[in-house]
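See below for the structure under consideration.
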Amino acid sequence: MKFLSISLILCISYFSALPLMAQVGINTQNPAGLLDIAVSDPFNPTPTDGLLIPKLEVFPAVDPDSAQDGMLVFLNNDISGYKKGIHFWDDDLKQWVGYGGEWNDGIVTQGRGDFSNNLVYARQAGINEADVVILDSGQFGIGTDTPEESLELKFPGDNDLQISSVSPPNAPNLIFYTTGGSSFTNRDLLVDNDDIGYITGKAWSGSSKTSDVSNMKMMADGNHSSNNYPTKIQFSVTAPGDNTDSSSGMEMTIRATGDVGIGTEDPTQKLDVAGSVRIRDLGAGAVVSDTNGNLSIGPTTVAAGKVSAAGSAIKITGATVSNTGVGSYRVTFDSARAHSDYIIQLTIVRCNSCGASDDSFTVYYTNPTLTHFDVHTGSN
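Per the numbering used here, the very first residue in the sequence shown carries number 2; after that it's consecutive.
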């Protein structure tokens, strides 16, 4: 017994003094590394043929240090900034890092039944709580893992979309390309009133997203054919008391003819307004146009009335009339005009009960000045 005890002590002491260089094999007698785990049948594995690492519901409240650099854990569920899966401690970054590259698989229940719940997400963006995901059904979410459309950008505050370019004239384009037909491989021409594209505004109802409350819609303005693609643009907004932009129809339309309609969807003139029109910065008076189409306020009436054949004034206002000779009269304004380029309108009223008369004469004016002008009817 003493011999065995001494031998055992000597044996333990001997191996304790040697450096440990062993390779460990599990289910194999010939380990190919420091740790080699084999399964009994790689082509027919059992449900328990695998390696389980420590599972955590949350990460430790106290971060590991350099001694744990590379330590593996399995996160059982999604937590703020991290997704379920294998993570390792990166002591250089001082943070847990999801294992498996930048893109990881995940499952998030979507609000739309035609969207897949399966997706891949960008790991680094998720850590910063700014989700970037691609659903297996092809939709893209930036700032959200539940996109409501094919592409959704969802960030609070300043959430602009910018398209930058260089070297004009190749400026950026926002292109809406729509065809008729049943599929991309079975396209057809558009027909009258087919939609081409929208720029749409929605709002918050207090409980959910509203339907369209403002719209700019591009449409076919007639049936399309070879080298003939008439289009129109319609604008619509939501009036007070309404809940959709379609409640009161289109507010403005630009037809393929170039005609613009305000308050009408079918303009027939270059500007067709269904309602009253106000032109600001114009004073009171009639609106007149010059030969170039420029609008301005026409002259106001400063004198009006009738003059009898005898030269006496009847109901005249703003001026006085005097007979200066046979068939000649002078109309003198009560106050001088600012300029002599005023409009004079003369009208002859025929007399049906004057006895013998000569109706062959004409009336005309001469000598318009700031204070008066002369009217002539000839000797009759």
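A virtual CB, placed ideally from N, CA and C, is assigned to each residue, including glycine. Given the structure is predicted, the values throughout are model-derived calculations rather than measurements.
Collapsed DSSP secondary structure at A131 in the structure displayed: coil
**Request:** For S67, I'd like the list of residues in its chain whose CB is within less than 8 Å of its CB, leaving aside the five on either flank, ordered along the chain.
**Result:** D92
Report the rounded CA-to-CA distance for I108 versus Y122, giving the unit in angstroms.
10 Å
Taking the Cβ atom as the reference point for each residue, do D291 and R256 lie within a distance shorter than 7 Å? no
Strictly by DSSP, which residues pair up with F215? A quick correction: the sequence has Ser, not Phe, at residue 215. G202 and V238, per the DSSP bridge assignment.
task = Compute the Euclidean distance between the alpha carbons of V376 and T318, then round it to the nearest angstrom.
result = 17 Å
Item checked: Rounded C-alpha distance that separates Y343 from L371 -> 9 Å
Report task. State the start and end residues of the unbroken beta strand (DSSP E) segment that holds H88. Result -> G86 to D91
| message | Checking the sheet assignment: what are the DSSP bridge partners for G26? | response | D37
*List in chain order: all unbroken beta strand (DSSP E) runs of 3+ residues lying wholly within the region 252-287.*
253-255, 261-263 and 272-274
Does the distance from the C-beta atom of Q69 to that of W90 stay below 7 Å?
yes
- For P157, is the classification buried or exposed, using 16 other Cβ atoms within 10 angstroms of its Cβ as the cut-off for buried? exposed
Opposing strand residues paired with H377 [DSSP bridges]: S329 and Y365
Quiz item: Are there 16 or more other CB atoms within 10 angstroms of the CB of E252, so buried, or fewer, so exposed?
Solution: buried
Rounding to the nearest angstrom, what Cα-Cα distance links F4 and D37 in this structure?
Here F4 scores only 45 on pLDDT, less than 50, and its place in the model should not be relied on; the value that follows carries that caveat. Going by the C-alpha atoms only, they are around 38 Å apart.
_Could you tell me the alpha carbon to alpha carbon distance between A240 and I197, rounded to whole angstroms?_
25 Å
Nearest residue (CA-CA) to R279, options N118, F374, S117 and I263:
I263
Per-residue burial, P268 [other beta carbons within 10 Å of its own, 16 or more giving buried]
buried
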